[in-house]
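The structure under discussion appears below in the form of structure tokens.
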Amino acid sequence: MLRKCTRSLGRCGWLASLIVLAVVCGCQTRLAPPPADWQAWRERRAQDIAGPDGWASLAGLFWLQEGEHWIGARGDVAIHLPPNSAPNVVGTLRREGGRVWFTPVPGVRTMLRGYAVTAERELVTDIDGSPDILECGRVKFWILHRGDRRGVRVRDPEAPERLAFRDIPVFLYNPGYRVTARFEPYQPVRKIEVADVTGGKSEENCPGALVFTLHDQEVRLDVIDDAEANDFFLIFKDATSGKDTYGGGRFLHVPRPNDLGEVQIDFNRAYNPPCGFTPFATCPVPPRQNWLSVPIKAGERKPLGH
-7 MLRKCTRSLG
3 RCGWLASLIV
13 LAVVCGCQTR
23 LAPPPADWQA
33 WRERRAQDIA
43 GPDGWASLAG
53 LFWLQEGEHW
63 IGARGDVAIH
73 LPPNSAPNVV
83 GTLRREGGRV
93 WFTPVPGVRT
103 MLRGYAVTAE
113 RELVTDIDGS
123 PDILECGRVK
133 FWILHRGDRR
143 GVRVRDPEAP
153 ERLAFRDIPV
163 FLYNPGYRVT
173 ARFEPYQPVR
183 KIEVADVTGG
193 KSEENCPGAL
203 VFTLHDQEVR
213 LDVIDDAEAN
223 DFFLIFKDAT
233 SGKDTYGGGR
243 FLHVPRPNDL
253 GEVQIDFNRA
263 YNPPCGFTPF
273 ATCPVPPRQN
283 WLSVPIKAGE
293 RKPLGH
């Protein structure tokens, strides 16, 4: 009996040891909690996408040829607003070179910054980030400036993508994806060509590259100088693109180098381009040199529905 009990206790002790080991290992691999401002960042991102003026509220994108074009909710006009969102005919948009004028239809109420537009008016494009935004019915529209192209972007708070939005999936916050990079400046600053999803191209200032180690590999990313945000802008793909994350790559803003030439990168804040939430965005795509072979399982995952 004692021998049987001893064998039984031995088995119990062995099982207990396994349980303790599993608990200890679980504690060791448990990720640290995210910084307090990470959740706030996620909430801002949801608002950027699904707010009344978010990316998911876009409802149309029309490239303007030279000449005059009608705009309205009627199905046969060139610039077709969503059904029942505005009058059948709102007015005309006339392009001459890089300039665009709007002329309202008499009796149709079209507003600009709180005032009714009653006569032909040249429209300020979005080239400086502050376009003239016209409002009619429940929609808004304005002029895009993309190189030598001019387009009309339409926003509707009842856009299907906005009504269907639920959340932006993310990876669990992982401090292992916070890395310190070495900034290697280019002398002189390089110009890199960046294509967008609509077939357009732009030249961007690239002051240098960030070099760091991830998954035991040296990684190099060219940066774009973002004068407006006073930081560096990254457009990249990695081994998760098209699988766990959006196939068109992701974006990330990082600070400029400190006095030691170092840049702190937190890939937990990598985010999806607007094209992941609307077909009416003109997102840049990652330049070939920013296609990484390492997986970056941090930040935003593939948007729902992709």
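Going by my numbering, the sequence shown runs without a break in its numbering and finishes at 298. Yeah, the Cβ is synthetic: ideal placement off N, Cα and C, and Gly gets one too. Quick caveat, the model's predicted, so the values are computed rather than measured.
Practice task
Apply the 10 Å Cβ neighbour rule to Leu13 and answer buried if 16 or more other Cβ atoms are within range, or exposed otherwise.
Solution key: Because the pLDDT of Leu13 is 37, which lies under 50, any placement of that residue in the model is unreliable, and the number read from its coordinates should be weighed accordingly. It is exposed - the Cβ of Leu13 has fewer than 16 other Cβ atoms within 10 Å.
Practice task
Return the first residue and the last residue of the beta strand (DSSP E) that Gln179 is part of.
Solution key: Segment 170 to 187, the beta strand (DSSP E) holding Gln179.
Practice task
For Arg270, collect the residues of the same chain with a Cβ closer than 7 Å to its Cβ; drop the 5 residues on either side in sequence, then sort them by chain order.
Solution key: Reading off the sequence, residue 270 comes out as Thr, not Arg. The answer, listed in chain order, is Trp47, Ala48, Leu50, Glu153.
Problem - Segment contact, 8 Å Cβ cut-off, at least three pairs: the segment 253 to 267 with the segment 160 to 171 - result: When C-beta atoms of the segment 253 to 267 are compared with those of the segment 160 to 171, three or more pairs fall below 8 Å, so the two segments count as touching.
Practice task
Spatial neighbours of Gln20 within its chain, please: CB distance less than 7 Å, with the 5 preceding and 5 following residues excluded, ordered by chain position.
Solution key: Its pLDDT being 40, under 50, Gln20 is placed unreliably in this model, and the coordinates cannot settle the point.
Exercise for the section: Flag Lys132 as yes when its Cβ comes closer than 7 Å to any non-hydrogen atom of the ligand ZN, and as no otherwise. Expected result: Within the structure as shown, the ligand ZN is missing, as the structure has no ligands at all.
Problem - Touch test, the segment 103 to 123 against the segment 72 to 81, Cβ-Cβ under 8 Å, three pairs minimum - result: Between the segment 103 to 123 and the segment 72 to 81 there are fewer than three inter-stretch CB-CB distances shorter than 8 Å, so the stretches are not counted as touching.
Practice task
Have a look at Gly143, Glu220, Cys198 and flag the residue whose alpha-carbon is nearest the alpha-carbon of Glu185.
Solution key: Ranking the options by Cα distance to Glu185, first place goes to Cys198.
Handout entry: Nearest neighbour of Phe157, chosen from Pro287, Lys289, Cys275, Pro44 [CA to CA]
Key = The shortest C-alpha separation from Phe157 is found at Pro44.
Handout entry: Euclidean distance between Cα positions of Val277 and Gly99
Key = Those two C-alpha atoms are separated by around 43 Å.
Practice task
Would you decide whether Gly59 is buried or exposed? Buried here means 16 or more other CB atoms lie within 10 Å of its CB.
Solution key: Gly59 is exposed by the Cβ-count criterion.
Handout entry: Asp214 classed as buried or exposed, judged by whether at least 16 other C-beta atoms fall within 10 angstroms
Key = Buried, by the Cβ-count rule.
Handout entry: Segment limits, alpha helix (DSSP H) that includes Asp29
Key = Here the alpha helix (DSSP H) through Asp29 covers 28 to 42.
Exercise for the section: Within the same chain, show all residues whose beta-carbon is closer than 6 Å to that of Arg87, passing over the 5 residues directly before and after it, in chain order. Expected result: If the five residues before and after Arg87 are omitted, its C-beta is found closer than 6 Å to the C-beta atoms of Leu56, Glu58, Arg142, all from its own chain and listed in chain order.
Exercise for the section: For the beta strand (DSSP E) containing Glu127, list its first residue and its last residue. Expected result: For Glu127, the enclosing beta strand (DSSP E) has its first and last residue at 126 to 128.
Problem - Span separating the alpha-carbon of Ala38 from that of Tyr263 - result: Cα-Cα distance, rounded: 11 Å.
Exercise for the section: Determine the direct distance from the alpha carbon of Phe243 to that of Phe225, and round the result to whole angstroms. Expected result: Near 7 Å, if we compare the C-alpha coordinates of Phe243 and Phe225.
Exercise for the section: Using three-state DSSP, classify Arg105 as helix, strand or coil. Expected result: Arg105: coil per DSSP, three-state reduction.
Exercise for the section: Alpha carbon to alpha carbon, how far is Ala108 from Leu155? Give it in angstroms, no decimals. Expected result: When rounded, the distance between both Cα atoms is 29 Å.
Practice task
Report the three-state DSSP secondary structure of Gly268 (helix, strand or coil).
Solution key: Of the three classes helix, strand and coil, the one that applies to Gly268 here is helix, per DSSP.
Practice task
Specify the secondary structure class of Gln281 as computed by DSSP and reduced to three states.
Solution key: Looking at Gln281 - three-state DSSP - the assignment turns out to be helix.
Exercise for the section: Could you give the DSSP three-state label for Ser194: helix, strand or coil? Expected result: Ser194: strand per DSSP, three-state reduction.
Exercise for the section: With a 10 Å radius around its C-beta and 16 neighbouring C-beta atoms as the bar for buried, classify Pro247 as buried or exposed. Expected result: That one is exposed.
Handout entry: Trp93 to Leu202 span [Cα, whole Å]
Key = Distance between the alpha carbons of Trp93 and Leu202 is about 44 Å.
Handout entry: Whole-angstrom distance between Gly90 and Ala111, CA atom to CA atom
Key = Taking the CA atoms as reference points, Ala111 sits about 20 Å from Gly90.
Problem - Status (buried if at least 16 other CB within 10 Å, exposed otherwise) for Trp283 - result: In the assembly as shown, Trp283 is an exposed residue. Its beta-carbon has fewer than 16 other beta-carbons within 10 Å.
Handout entry: Straight-line Cα distance separating Arg174 from Asp230
Key = Rounded to whole angstroms, Asp230 to Arg174 spans 19 Å at the Cα level.
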